[in-house]
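Scroll down for the structure; my scribbles are underneath it.
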Amino acid sequence: MPEFKGLIRSKLPTAGTTIFSIMSGLAQQTGAINLSQGFPDFPVSEELMRLVYENMRKGHNQYAPMPGLLSLRERIAEKMERRFGAKYNPETEITITAGGTQALYAAITALIHEEDEVIVIEPAYDSYNPAIELAGGKAVHVNLEPPDYKVAWAKVKKLITPKTKMILINSPHNPTGAVLTEEDMQQLDELTRANDIIVLSDEVYEHIIFDGLQHNSVAKYPSLAQRSMIVYSFGKTFHATGWKCGYCVGPANLMKEFRKVHQFMVFSVNTPLQFALEEYMREPAHYNGLEKFYQEKRDYFRSLLEGSAFKILPCSGSYFQLLDYSALSNEKDTDYAIRLTKEYGIASIPVSVFYNVPRDYHLLRFCFAKSNETLEKAAACLHKVKA
Ligand code: PMP
Numbered sequence: 433m434p435e436f437k438g439l440i441r442s443k444l445p446t447a448g449t450t451i452f453s454i455m456s457g458l459a460q461q462t463g464a465i466n467l468s469q470g471f472p473d474f475p476v477s478e479e480l481m482r483l484v485y486e487n488m489r490k491g492h493n494q495y496a497p498m499p500g501l502l503s504l505r506e507r508i509a510e511k512m513e514r515r516f517g518a519k520y521n522p523e524t525e526i527t528i529t530a531g532g533t534q535a536l537y538a539a540i541t542a543l544i545h546e547e548d549e550v551i552v553i554e555p556a557y558d559s560y561n562p563a564i565e566l567a568g569g570k571a572v573h574v575n576l577e578p579p580d581y582k583v584a585w586a587k588v589k590k591l592i593t594p595k596t597k598m599i600l601i602n603s604p605h606n607p608t609g610a611v612l613t614e615e616d617m618q619q620l621d622e623l624t625r626a627n628d629i630i631v632l633s634d635e636v637y638e639h640i641i642f643d644g645l646q647h648n649s650v651a652k653y654p655s656l657a658q659r660s661m662i663v664y665s666f667g668k669t670f671h672a673t674g675w676k677c678g679y680c681v682g683p684a685n686l687m688k689e690f691r692k693v694h695q696f697m698v699f700s701v702n703t704p705l706q707f708a709l710e711e712y713m714r715e716p717a718h719y720n721g722l723e724k725f726y727q728e729k730r731d732y733f734r735s736l737l738e739g740s741a742f743k744i745l746p747c748s749g750s751y752f753q754l755l756d757y758s759a760l761s762n763e764k765d766t767d768y769a770i771r772l773t774k775e776y777g778i779a780s781i782p783v784s785v786f787y788n789v790p791r792d793y794h795l796l797r798f799c800f801a802k803s804n805e806t807l808e809k810a811a812a813c814l815h816k817v818k819a
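If you read the sequence shown in the working numbering, its first letter stands for residue 433, the second for the next number, and so on.
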């Protein structure tokens, strides 16, 4: 096809192919074990798949209502009340989305205007900054430092200006595995209450949290909840990232604006999946056992890595483990991740790419949402790595 001859003014001039596609592509080309992109390699529950098929057979194949199937929103409202003591009205305060990413994008597009400032805590999931940029807003970054990645709230406070409209938080956190504590939530509450700032809370890993820690949803704190939009993903909770289905909850006046954007982005989301998820969610055990399942994965992967030259960082949640390779090399993390893939057959994600201005602490992120066999193979590769 001959290319377009006119002027193209890129709206995202610095965006290229994401590192996730690059590393997954390289893993495929080289036959390396792929612990780079965050997706499970074990199957979706047979029962859930059967429910999707049955609902297709029943004829649930046409457009769902714009905010999502009401009965599914009712199940979500029940879950939010049981887990966090928060009452959300399924009619007006819950919307089903095409995954967490679309929910984040719709929330930012709906609520951020030209010149508005959004505080982004980095390292961060890579969709936040482009969404803010496309809305005409300005991302203002505050960095977390290894190894514990605590939010320095005093630093956040200094970044607040009259233009600050939103703060984005993510707990359990991708890529660091850090989780926000009750004290963090109190600090967040104080700062945002005093300045009328909207909180966009990315809680897609809500069920992947370890060592008896409780997920501190903003929904647990009434004063935070009233100014928060919260994003969840069925993909993470039900091992089905490829289904791209999630939801957003928040107070009716914020949700009203969210839906105005949502209806013109996707209008509505995959109907048979929504019917199936509604039936599946009637049994809370279908999502409540996930902490234990993933803690076993984390512990197994960490035990397999003992005695390797990599330093294992703490991991309290999410399905990502950071490894420090500074005893092995001084190379840039992006170069080192590529070399490990090509020479040792193991693909990871360099952590510097999660920063707006890359910060290289010689750390790589490995996804442990994998079968034990895959984790064993991955660990065997990592044990072979020498300085
Ligand atoms: N937020 C974070 C922190 C994530 O890691 C991801 C997925 N990698 C998402 C949101 C997006 O979720 P989904 O796949 O449902 O769009």
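The C-beta atom is built at its ideal place from N, Cα and C for all residues, glycine as well. Computed from a prediction, not measured in an experiment: that's the story for all the values here.
Here the alpha carbons of L705 and N487 stand approximately 8 Å from one another. Shown here, I508 sits in a helix according to DSSP, grouped into three states. If you look at L755, you'll find it in the beta strand (DSSP E) that goes 752-756.
Fully contained in the segment 701-728 are the following alpha helix (DSSP H) runs of length 4 or more, in chain order: 703-713, 717-720. The ligand PMP never approaches K802 closely enough for any of its heavy atoms to be under 8 Å from the residue's Cβ. Checking the DSSP bridge columns, you'll see M661 partnered with L632. Using a 10 angstroms sphere on the CB of I440, the tally of other CB atoms stays under 16, which defines it as exposed. The three-state reading of DSSP puts G463 in coil, since its state is none of H, G, I, E or B. Using a Cβ distance threshold of 9 Å, L760 and F798 do not count as a contacting pair.
Relative to the ligand PMP, the beta carbon of Q706 is positioned no closer than 8 Å to any heavy atom.
Of the residues assessed, Y485 falls on the exposed side of the cut-off, its CB having fewer than 16 other CB atoms within 10 angstroms. Runs of the beta strand (DSSP E) lying entirely within the segment 526-578 and spanning at least 3 residues, in chain order: 526-529, 549-554, 570-575. Bridge pairing for P782: L796 [DSSP].
Between T673 and P472, the CB-CB gap stays under 9 Å. In this structure, D616 sits near W585, with a CB-CB distance shorter than 9 Å. Where Y495 is concerned, there is no enclosing beta strand (DSSP E), because DSSP gives it neither an H nor an E.
Annotation: the continuous beta strand (DSSP E) that includes I599 extends over 596-602. When C-alpha distances from P594 are compared across I551, T446, T613, the shortest belongs to I551.
Between G532 and Y664, the CB-CB gap stays under 9 Å. The Cβ neighbour count for T527, taken over all protein chains shown within 10 Å, is at least 16; the residue is labelled buried. By the neighbour-count criterion, in which a residue is buried when 16 or more other Cβ atoms sit within 10 angstroms of its Cβ, L444 is exposed. Of the candidates V789, L656, F742, M697, the residue whose Cα lies closest to the Cα of L600 is L656. K818 and L736 have their C-alpha atoms roughly 17 Å apart. For F642, the CB stays at least 8 Å from every heavy atom of the ligand PMP.
Annotation: the continuous beta strand (DSSP E) that includes Y679 extends over 678-681. Residue range 684-697 is occupied by the alpha helix (DSSP H) that includes M687.
Taking the CA atoms as reference points, N720 sits about 13 Å from Q727. The Cβ neighbour count for T446, taken over all protein chains shown within 10 Å, is under 16; the residue is labelled exposed. When distances are taken from the beta-carbon of F666 to the heavy atoms of the ligand PMP, the shortest one is below 8 Å.
With a minimum length of 4 residues, the unbroken runs of alpha helix (DSSP H) contained wholly in the segment 437-483 fall at 451-462. Put simply, the backbone Cα of L467 is about 21 Å away from that of G448. V650 is positioned such that its CB atom lies no closer than 9 Å to that of T529. For R625, the enclosing alpha helix (DSSP H) has its first and last residue at 614-627. Pairing E614 with N648 gives a Cβ-Cβ distance under 9 Å. Boundaries of the alpha helix (DSSP H) around L814: 804-816.
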